[in-house]
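Numbering (the numbering used here), first residue to last: 59 to 575.
Here is the structure:
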C-alpha cells in the first residue's frame with residue numbers, strides 16, 4: 059500500500075457494498091485524492107474477507123478500484139482498474155466474488171498470494187491450547203482503546219506470539235497494523251506508513267480496535283522496537299501539545315521569521331537536532347509562504363504528519379518560524395461554489411442503464427448519439443460508431459447468446475479499453491454498440507481490433523474460449539462514410555452483417571465494395 063493513507067469503512071458482517079454505497083465511495087475518492095478508501099466485508103461462508111480499495115490519484119481523472127480476497131492462506135487480487143462507473147464496479151464485484159472459488163481452483167500466480175505464518179518446523183513442539191483459548195484465537199479480539207491502550211494490547215499479542223491484522227478506528231480514521239508472532243511488521247495510518255504510522259497510532263487514546271488472527275500482508279515496513287516507538291510517540295504527543303498552545307490548528311499557517319537569512323545562517327540555527335537532512339529542511343523552510351495552512355501542508359508535503367509536526371516544532375523552538383492565523387478578506391460579492399449533487403447525477407445515469415450489464419439502454423444510446431452528432435456538425439469534428447454481436451458457437455454451427463457471466467466479463471474488458479467519453483450500449487435485441495466521439499475511421503478500426511484481441515486472448519467467464527466465440531464487428535464513421543445519422547447506423551449495420559457472413563472479425567464500411575448491377 060502506498061504512503062498516502064487509508065480511510066477504512068469496515069463492516070465484516072454486511073454484504074458487499076450496494077450501488078448507493080459505491081456512489082459514496084466514489085465521491086470520497088474524488089474529493090480526497092491521494093488517500094485510499096477501503097471497504098471490508100465477510101464472505102457468505104465467513105471463510106474469507108473481501109477488501110475493496112479505492113484510490114483517487116492527483117494525476118489521473120478516474121479513481122483506481124482494487125478488490126482483494128483475504129483468507130488464512132493469504133491475499134489474492136481479484137481485479138484492478140480505473141473507472142468512474144459505479145455500475146461497472148458493482149457488476150465486477152458480483153462477478154469476482156461469485157467466481158472466487160473457480161479462480162482459486164484454476165490457480166493464480168504466486169505473486170498474488172501473501173503467505174501466512176509457516177507451520178512449526180519438523181520436531182518443533184506446539185504449545186497446546188485449551189478449547190477456550192482456541193475459540194478466542196479463532197474469533198479474534200475486539201475492544202476500546204480507552205479501556206486497553208495500544209501498547210498494552212501489543213504486549214499481549216507479543217506474549218501470545220499472535221499473527222494477524224489489527225484494525226484501529228478513531229472518528230473517521232482507520233489504521234491497519236499487522237503483527238507476526240507478536241511483533242509489528244507493517245502499519246498504515248492516515249498519511250504515514252511503517253515506523254511513522256506506529257508512532258502516530260501510539261498517540262491514540264480513544265477509538266476501537268479489532269484483531270483478526272492469521273491474516274498477514276506480505277510487506278515489512280516497521281523496523282524499530284516497540285520501546286523505541288513508544289518513546290517517540292510520547293515525544294510526538296508533547297510536541298503536538300506545545301504547538302497547539304502556540305496556536306497551531308488545521309487552519310493556521312507557519313511563517314518564516316527571517317526570509318532573508320542565508321543558507322549558512324539557517325544551518326547554524328537549525329543543524330542541532332534537525333529532524334531531517336539540512337538540505338531538505340532548508341527547502342521546506344524556503345517554501346513557507348505564510349498562506350498555505352497546516353492542513354494543506356499535510357496533504358501536499360511529501361512527509362507524514364509525524365514528520366511534519368517534528369519539522370514545525372524544530373523550526374518554532376529554534377526561533378526560525380512562528381505559527382500565525384491567516385488574514386481572510388471578506389468581500390460582499392465573494393463567489394460561493396455550489397455543491398454538486400453527484401448522487402443525483404449518478405441516479406439519472408443509472409436510470410439509463412441495464413442493471414444486469416451496466417450498459418446504456420438503446421434509447422439512451424440514440425439520445426447521446428444525436429447530441430454528439432449535433433456537436434460534431436457544429437465543430438466539424440469526426441464521429442465513429444461500432445456495432446457488434448457476440449455469440450456462442452454450438453455443435454450445429456448455429457450461434458447462441460452468451461451467458462450473462464460471459465457478457466459481464468466482456469463488458470469489463472471493453473470498459474478497460476475505452477475512453478471515459480466513449481459510450482457502450484445495448485443495440486437491437488442482442489447486439490451492442492460503441493459511440494466514439496472525435497474519432498476518425500482509422501482510430502475506430504484500431505480500437506475495434508483491440509476489442510477483438512481483448513475478448514479472444516483468454517476465455518471469457520464461463521469458459522467461453524476464442525474457438526467457442528463468434529464475433530462480428532462493423533464500423534462506420536462521419537463524415538467519411540455518411541453525414542446523416544440514419545445512414546451512419548445503416549452503414550455500421552451493413553458492415554457488421556458482412557463481418558458475420560465473411561467471418562472476418564472487423565469490417566469497415568469504407569472497405570465494402572459496391573455491388574454493380
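For every residue, glycine included, the Cβ atom is placed at its ideal position computed from N, Cα and C.
Identified DSSP bridge partners for residue i
| i | result |
| --- | --- |
| residue 122 | 113 and 140 |
| residue 200 | 268 |
| residue 444 | 492 and 533 |
| residue 99 | 108 |
| residue 522 | 518 |
| residue 312 | 381 |
| residue 497 | DSSP, once it has assigned bridges, lists no residue as partnering residue 497. |
| residue 132 | 129 |
| residue 527 | 450 |
| residue 351 | 311 |
Endpoints, alpha helix (DSSP H) assigned at residue i
| i | result |
| --- | --- |
| residue 429 | 420-437 |
| residue 343 | 336-345 |
| residue 371 | 363-375 |
| residue 465 | 462-475 |
| residue 233 | From DSSP, residue 233 is part of no alpha helix (DSSP H) but of the beta strand (DSSP E) over 231-238. |
| residue 564 | That residue, residue 564, is in no alpha helix (DSSP H); its beta strand (DSSP E) goes 564-566. |
| residue 284 | 284-303 |
| residue 410 | Looking at the DSSP string, residue 410 is not in any alpha helix (DSSP H), and its letter there is neither H nor E. |
| residue 81 | 77-89 |
| residue 324 | 321-328 |
| residue 556 | 543-560 |
| residue 255 | 253-259 |
| residue 213 | 208-217 |
Sub-8 Å separation of residue i and residue j beta-carbons
| i | j | result |
| --- | --- | --- |
| residue 366 | residue 355 | yes |
| residue 77 | residue 408 | yes |
| residue 382 | residue 254 | no |
| residue 485 | residue 445 | yes |
| residue 258 | residue 250 | yes |
| residue 443 | residue 534 | yes |
| residue 272 | residue 200 | no |
| residue 149 | residue 513 | no |
| residue 410 | residue 422 | yes |
| residue 267 | residue 301 | no |
| residue 264 | residue 204 | yes |
| residue 262 | residue 228 | yes |
| residue 235 | residue 260 | no |
| residue 243 | residue 215 | no |
| residue 447 | residue 515 | no |
| residue 451 | residue 528 | yes |
| residue 43 | residue 460 | Absent from the model: residue 43. The displayed extent of the chain is 59 to 575, so no value can be given. |
| residue 396 | residue 275 | no |
First through last residue of the beta strand (DSSP E) which encompasses residue i
| i | result |
| --- | --- |
| residue 246 | 241-247 |
| residue 223 | 222-228 |
| residue 459 | 457-459 |
| residue 484 | 481-485 |
Cutoff 8 Å: residue i Cβ touching any chain C Cβ
| i | result |
| --- | --- |
| residue 297 | Judged by its chain identifiers, the structure shown contains no chain C, having just a single protein chain. |
**OP:** State whether the region 310-320 contacts the region 265-285, with contact taken as three or more CB pairs (one from each stretch) at a distance under 8 Å.
**Re:** No, because fewer than three Cβ pairs between the region 310-320 and the region 265-285 fall closer than 8 Å, the two stretches do not touch.
**OP:** Check whether the region 517-527 touches the region 550-563, taking contact to mean three or more Cβ pairs, one atom from each stretch, closer than 8 Å.
**Re:** The count of Cβ pairs closer than 8 Å, one atom from the region 517-527 and one from the region 550-563, stays below three, leaving the stretches out of contact.
Original post:
Do the region 96-109 and the region 417-429 meet, that is, are 3 or more Cβ pairs less than 8 Å apart?
Top reply: As far as the Cβ criterion goes, the region 96-109 does not touch the region 417-429, which means the pair count is below three.
Original post:
Would you call the region 281-297 and the region 317-331 touching, i.e. three or more CB-CB distances under 8 Å?
Top reply: Between the region 281-297 and the region 317-331, the count of Cβ pairs shorter than 8 Å is below three; the stretches do not touch.
**OP:** Take every Cβ of the region 406-422, pair it with every Cβ of the region 473-493, and state whether three or more of those distances are shorter than 8 Å.
**Re:** Taking 8 Å as the limit for Cβ pairs, the verdict is that the region 473-493 does touch the region 406-422.
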